[in-house]
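In this note's numbering, the protein residues as written are 48 to 182.
For reference, the structure discussed in these notes is given below.
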Ligand code: HEC
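Quick look at the structure:
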């Protein structure tokens, strides 16, 4: 008795529900792959932590402590400690904007204008932003 009642329902699911589900998933996967390809390549090529902590160009540790990162050894207090960053900047693009041009928010800032003054490339700023976003 359950077989007779159950089968049409299952067939219906296969003929109507499934193809739509599969094609939506395929579409989403393809769109995601397209969107993520450049980001993944960038993240693989650039190490945001190394750029941020290295003294060559990022040198964030000259002014900021990063208490969550045991490798970030500094007592610097010129800038605020970079911690709970995601709480302060739920929107990643605002964090990126701060790093790209700190003077946009505070014209008197001591923080270098990493993007506007081409100290770091856009890809390097993206990598640093990803790193800092996780602190
Ligand atoms: C010469 C000192 C200096 C350097 C180097 C520096 N900053 Fe800053 N930063 C500051 C100061 C000072 C502030 C406080 C806000 C202001 O005055 O603009 C600040 C603010 C910030 C903020 C906002 C923090 C908050 O809580 O609002 C972020 C994020 C930030 N810096 C990230 C970085 C990153 C990432 C680097 C390295 C790529 C860096 N800073 C390098 C001085 C510096």
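Think of the CB as a built atom: it goes at the ideal place given N, C-alpha and C, for glycine as much as any other residue.
Since the structure is predicted, the reported quantities are computational estimates derived from the model, not experimental observations.
Pick from 108, 138, 118, 132: whose alpha carbon is nearest that of residue 124? 108
Buried or exposed, going by whether 16 or more other CB atoms sit within 10 Å of the CB of residue 98? buried
Look at the Cβ atom of residue 110, then the Cβ atom of residue 167, and state whether they are nearer than 8 Å. no
Relative to the C-alpha of residue 131, which residue among 102, 114, 163 is closest? 114
Within 10 angstroms of the Cβ of residue 87, are there 16 or more other Cβ atoms? Answer buried if so, exposed if not. Because the pLDDT at residue 87 is just 48, under 50, the model does not fix this residue reliably, and the point stays unresolved.
Just to confirm, are residue 151 and residue 144 a CB contact at a threshold of 8 Å? yes
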